[in-house]
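Novice: Below is a structure I'd like to ask you about.
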Amino acid sequence: MPELPEVETVANGVDARVRGQRIIRAWFSNKPEPMKTAPALMERVLTGPSIALVHRVGKTVVFDLRQDGATTAQWLVHLGMTGRLLVSHPDVPQPPHTHAVLSLGNGSELRFVDPRRFGRMSIHGMEGPDLGRGGKRSSRNKPQSQPAQSAFAGSGAEPLTIGREDFSALFAGRNTPIKSALLNQKLLHGVGNIYADEALFRAGVRPMRRASRVTRAELERLRLGLRTVLRQAIKLGGSSVNDYVDADGARGFFQLKHRVYQRTGEPCRVCKTPIARRVIGGRSSHYCPNCQR
0 MPELPEVETV
10 ANGVDARVRG
20 QRIIRAWFSN
30 KPEPMKTAPA
40 LMERVLTGPS
50 IALVHRVGKT
60 VVFDLRQDGA
70 TTAQWLVHLG
80 MTGRLLVSHP
90 DVPQPPHTHA
100 VLSLGNGSEL
110 RFVDPRRFGR
120 MSIHGMEGPD
130 LGRGGKRSSR
140 NKPQSQPAQS
150 AFAGSGAEPL
160 TIGREDFSAL
170 FAGRNTPIKS
180 ALLNQKLLHG
190 VGNIYADEAL
200 FRAGVRPMRR
210 ASRVTRAELE
220 RLRLGLRTVL
230 RQAIKLGGSS
240 VNDYVDADGA
250 RGFFQLKHRV
260 YQRTGEPCRV
270 CKTPIARRVI
280 GGRSSHYCPN
290 CQR
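Counting from 0, one number per residue, gives the positions in the sequence shown under numbering that gives the first Met the number 0.
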């Protein structure tokens, strides 16, 4: 599943190609799985406004939609395991498993392609209450006047900007393994298996250590290591270990820099000790038994 660097790369690539473009038409497939909001509602909300900005929040690609000078709604796209956002010319044949096509004012098309259909698309309304799957605002037990919703913010803290004290506070008193805590999207959004393993290696912390027993000094090394590895991965276009490609269909290169992830049995790049693998919370974790304590 694409993690923060891959989603950031996709969002930046799409933004460079579609920002400012008016959406002329929106089409959605008849497959219900990717549709967190009803297709008819997404078609109605997406037809007409311009794309003011495409950016990342956690593992979600967020399209800010602008009409009459104001951002009125946001289109949220979660890539799931195999989802891709591709900007193409209409003459280019649509790939199989295309579930959304936005026709843009410059003649190009934005396509959401997802073979396994674990991705999700939805509308986050900003003019009033969030719009439900059926596309109707519920008035039952609600006042006539509703405050405008804030922009979509995700469920956890942003790992690229969180400060030292706030980062330490996330793990205080938690008896789950530090690896599991890093993957908890309600604590930190956007961090997945690859970058949790890589950050723990850089911090010298074993993934099975209880979060509450990781010292403040180790947590600070982990915070800085996580920020460093995420920024390096973004610079290199993410890690292409499965199906991930960017908005042009190109693969990333950070997998060439992995120090532990999926390197079981290979020598540690620092001390030559064979990299070990252990399953924690149903997820494979890779670490150096010598460098990580």
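The C-beta atom is built at its ideal place from N, Cα and C for all residues, glycine as well.
Taking the C-alpha atoms as reference points, what is the distance between Phe117 and Ser167?
Specialist: Cα to Cα, Phe117 sits roughly 32 Å from Ser167.
Novice: Kindly list the residues whose CB is nearer than 6 Å to the CB of Ser211, restricted to its own chain and excluding five residues on each side of it in sequence; keep chain order.
Specialist: Cβ neighbours of Ser211 beyond the five flanking positions: Gly172, Arg173, Asn174.
Novice: Since Met207 and Arg282 should fall inside the 8 Å C-beta cutoff, what is the C-beta to C-beta distance between them, to a whole number of angstroms?
Specialist: Between Arg282 and Met207 the Cβ distance is about 12 Å, and since that is not below 8 Å, they are no contact.
Novice: Runs of 3 residues minimum, wholly inside the stretch 96-125: which ones carry the beta strand (DSSP E) assignment?
Specialist: Within the stretch 96-125, the complete beta strand (DSSP E) runs of at least 3 residues are 97-103, 108-112, 119-124.
Novice: How many Å lie between Glu42 and Trp74 at the Cα?
Specialist: C-alpha separation (whole angstroms): 11 Å.
Novice: Going along the chain, which residues of its own chain have a beta-carbon closer than 7 Å to the beta-carbon of Phe200, five neighbours each way excluded?
Specialist: These residues qualify, in order along the chain: Arg258, Val259, Tyr286, Cys287, Cys290, Gln291.
Novice: Just checking my contact of Leu52 with Ile22 at CB under 8 Å: how many whole Å lie between their CB atoms?
Specialist: Between Ile22 and Leu52 the Cβ distance is about 14 Å, and since that is not below 8 Å, they are no contact.
Novice: Enumerate in chain order the residues of its own chain whose CB-to-CB distance from Ile279 is below 7 Å, with the five nearest sequence positions on each side excluded.
Specialist: For Ile279, where only same-chain residues beyond five positions count, the Cβ hits under 7 Å are Pro176, Lys178, Ser179, Pro206, Met207.
Novice: Tell me, please, which residues DSSP counts as bridged to Tyr260.
Specialist: Note: Tyr260 sits in no beta bridge, so no partner.
Novice: Would you kindly work out how many angstroms separate the C-alpha atoms of Lys58 and Leu181, rounded to a whole number?
Specialist: So the alpha carbons of these two residues sit roughly 14 Å apart.
Novice: Given that a residue counts as buried once 16 or more other Cβ atoms are within 10 Å of its Cβ, and exposed if not, what is Ser87?
Specialist: Per the 10 Å Cβ criterion, buried.
Novice: Are three or more beta carbon pairs between the stretch 107-117 and the stretch 77-84 nearer than 8 Å?
Specialist: Yes: at least three Cβ pairs fall under 8 Å.
Novice: Let me confirm a value: Gly162 is counted as buried when at least 16 other C-beta atoms fall within 10 Å, else exposed. Which label applies?
Specialist: By the 10 Å Cβ count, Gly162 comes out exposed.
Novice: So for Leu52, helix, strand or coil by DSSP?
Specialist: Note: Leu52 maps to strand in three-state DSSP.
Novice: Nearest by alpha-carbon distance to Val299: which of Asn105, Val269, Thr227 is it?
Specialist: This structure cannot settle anything about residue 299, because the visible part of the chain is limited to 0 through 292.
Novice: Name the DSSP beta bridge partners of Ala156, please?
Specialist: Beta-bridge pairing links Ala156 to Leu187.
Novice: Tell me which same chain residues have a C-beta within less than 6 Å of the C-beta of Leu101, skipping the five on either side of it?
Specialist: Cβ within range, chain order: Ile22, Ala25, Leu109.
Novice: From Lys35 to Phe111, what does the alpha carbon distance come to, in whole angstroms?
Specialist: Taking the straight line from one Cα to the other gives about 14 Å.
Novice: Which same chain residues, not among the five before or five after Gly153, have their C-beta less than 7 Å away from its C-beta?
Specialist: Hits under 7 Å: Val56, Gly57, Thr59, His188.
Novice: Using only alpha-carbon positions, find the residue among Asp113, Leu103, Gln148 that is nearest to Ile122.
Specialist: Per the Cα distances, Gln148.
Novice: Specify the secondary structure class of Asp63 as computed by DSSP and reduced to three states.
Specialist: Correct three-state label for Asp63: strand.
Novice: If you drop the 5 nearest sequence neighbours on each side, which residues of the same chain put their C-beta closer than 8 Å to that of Ser107?
Specialist: Excluding sequence neighbours, Ser107 sits near Arg16, Val17, Gln20, Val86, Ser87, His88, Pro89.
Novice: From what residue to what residue does the beta strand (DSSP E) around Arg173 run?
Specialist: Careful: Arg173 lies outside any beta strand (DSSP E) and carries neither H nor E.
Novice: For Leu75, name the three-state secondary structure that DSSP assigns.
Specialist: The answer is strand: DSSP assigns Leu75 an E or B state.
Novice: Whole angstroms are fine: how far does the CA of Ala37 sit from the CA of Glu265?
Specialist: If you take the alpha carbons of Glu265 and Ala37, they lie about 48 Å apart.
Novice: Where do the ends of the beta strand (DSSP E) carrying Val278 lie?
Specialist: That run of the beta strand (DSSP E) goes 275-279.
Novice: Does DSSP put Phe27 in a helix, a strand or coil?
Specialist: Of the three classes helix, strand and coil, the one that applies to Phe27 here is strand, per DSSP.
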